[in-house]
Each structure stands twice: as structure tokens, then as C-alpha cells.
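Under mature numbering (1 follows the signal peptide of the UniProt record, and there is no 0), the letters of the sequence shown match residues -30 to -1, 1 to 232, in that order.
Following: one structure in C-alpha cells, then a few remarks.
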Amino acid sequence: MARAPSMPAATAVGIVVVMLLAAGFRGAEGKSCTNAFPGLTSHTERAAAQLRPGPPATVLQPIIHHHRHGREQHLTPTDESTWMSLMPRRALRREEAFDWLMLYRELRGGGGSARPGVAAGAFLSEASLHDVRLEPGSMYWRAQQTNLEYLLLLDVDRLVWSFRKQAGLTAPGTPYGGWEGPGIQLRGHFVGHYLSATAKMWASTHNDTLNAKMSSVVDALYDCQKKMGTGYLSAFPSDFFDCLEAIKSVWAPYYTIHKVNW
């Protein structure tokens, strides 16, 4: 009388059968997922020249950068993300977060007006910084003054030093260090942050000294762009874009130039 196979034996037989069946089907195959760029071809004129027949051209060497940023860095917050950050801490459930977002969208759309006869959109509307003034001596006013003092502290020649150097203009003074150091691939992007900050601060305070300083930065950048004669304006060479498109290591050229040109 034959006995039924034991559980371990039955399991082993089942595994063998599954492996044999899988070997007969090629339709589902795994794909290795990497965090590297695909093998794209550069579209810039200089990089394309590397593919043309002729004497060997100079190949750009990989440019190594060392930085440590979390994934949450360098994201421009939207008005909705700012609103969501104000959600009460006790509202942690997914449906509550959804309701909180819907409330904001309803307010923005004007559909949440509680008073009859009020036009749509009148409940919540944008306010220009020119029309907002902080109460002198308040906590927020003191914070604003701290920011203003810092912006006034920065030196125009030091801010635009790398831009002038890249354009071939005389660059008096010394550049700032850190990300604005002359050997750092992100050089120039702090100037973009400075322009945004000074524009908003001037709109909030109408400080004449700040207005003159930020205008001097814009004038200096105009001189750099005019000197280069191609429309290009950056504190780093355009070769950085070739490195990126050739899948070579370079530190965020599009992000950096976006800070100044847009």
C-alpha cells in the first residue's frame, strides 16, 4: 500500500515543477533597475562634434562633485504644500488631510463663501507684498529686520565675482566662499536666491538702500551677458551642460542657471 509523500517531499516536488514551468516561458523577465543615467546622446553642438569624422577632439573629463542633500532639498513649495504644512498635528488620518486640502481649494475658488451675495473668489484672495506692513516691534517685524540687515550686509562685487570672471571682465575684490567659491560648480546660484530675496524684501519695506544694491547686481549681470555676446549668463562655463548630456558627473547646471535666469 503506497504512502502519501511527506510534506517536505511534496514541497520540494512543487518547487521543481514551478521552476520547470517558468523555464518554458520567456514572456516575463526581470529588469535590473539602476540609479544611473540611460545611454543618451548629447544634443549640444560641441558634444555632437565629438561624433563627426576628423581629428580627435578634446573630451571633457568627468567633473566630480561632493555634496550631501536630502531628497527634500531644493524643492520650491507650492501654495498648497504651504497650506498643508499648517494642518493641525492631531489631524493625521489620510481622509482628514484630504479634507484639509479640499478646504483650501474651496477657499481659493471662492466656493466657500458663507455670506450670500458675496462674489466668488472674494473670500480668499492674493495680497501684494506692497500692501502688507508688519507692526513695528512685533516678533515678525524683528525677524524681517534681521533678514533686511543681512541682505544689506552682502557686497555686490563679491556676489558677482564669478560672473565677471566667466565673462572675462575685471573682477575686483574676492568672491564669497562656500557654494559661491570659484572652484564650486554651484557658483552663481546664491546670487539668484539673493535677487529673489531682495525683490521680495523691497516690496515689503521699500528700503532705498536695498533697492540700489539689488539694482547694482542686475546692472553687473547685464554687463557680463553683454560682454559674452551670446546671451549666455552664468558663473560657470557652458561646458558643464555638455558633461551632463554626455552622462558625466557635474553638479546641477540647469538648477543653478535657473536661479539667475528665471
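Built from N, CA and C at the ideal position, the CB exists for glycine as well.
These numbers come from a predicted model, not from an experiment.
Alpha-carbon spacing of residue i relative to residue j, whole angstroms
{"i": "H159", "j": "E76", "result": "37 Å"}
{"i": "A216", "j": "A205", "result": "21 Å"}
{"i": "T140", "j": "D127", "result": "10 Å"}
{"i": "M184", "j": "A113", "result": "20 Å"}
{"i": "L165", "j": "L71", "result": "31 Å"}
{"i": "V130", "j": "G162", "result": "11 Å"}
{"i": "A182", "j": "K170", "result": "14 Å"}
{"i": "V188", "j": "L180", "result": "12 Å"}
{"i": "Y192", "j": "L73", "result": "45 Å"}
{"i": "D101", "j": "S174", "result": "8 Å"}
{"i": "S98", "j": "S186", "result": "24 Å"}
{"i": "Y110", "j": "N177", "result": "17 Å"}
{"i": "R134", "j": "I154", "result": "15 Å"}
{"i": "L121", "j": "K218", "result": "36 Å"}
{"i": "Q195", "j": "S95", "result": "38 Å"}
{"i": "G107", "j": "N231", "result": "36 Å"}
Delimiting residues of the alpha helix (DSSP H) encompassing residue i
{"i": "F160", "result": "159 to 175"}
{"i": "A190", "result": "178 to 198"}
{"i": "W131", "result": "131 to 137"}
{"i": "R112", "result": "109 to 123"}
{"i": "P223", "result": "223 to 231"}
{"i": "F211", "result": "209 to 215"}
Contacting residues, own chain, Cβ-Cβ under 7 Å from residue i (five flanking each side not counted)
{"i": "P145", "result": "R128, W131, S132, G151, P152"}
{"i": "L124", "result": "Y164"}
{"i": "P142", "result": "D127"}
{"i": "L156", "result": "W149, W221, A222, T226"}
{"i": "R228", "result": "According to the sequence as given, residue 228 is His; it is not Arg. Same-chain partners within the cutoff: there are none."}
{"i": "S208", "result": "Y202"}
Beta-carbon contacts of residue i that lie in its chain and below 6 Å, excluding the five residues immediately before and after
{"i": "A190", "result": "V130"}
{"i": "F210", "result": "V220, P223"}
Other residues of its chain near residue i: CB distance less than 8 Å, five sequence neighbours each side excluded
{"i": "K197", "result": "A137, G138, L139"}
{"i": "L214", "result": "V220, P223, Y224"}
{"i": "G147", "result": "none"}
{"i": "N117", "result": "A167, M171"}
{"i": "E105", "result": "W111"}
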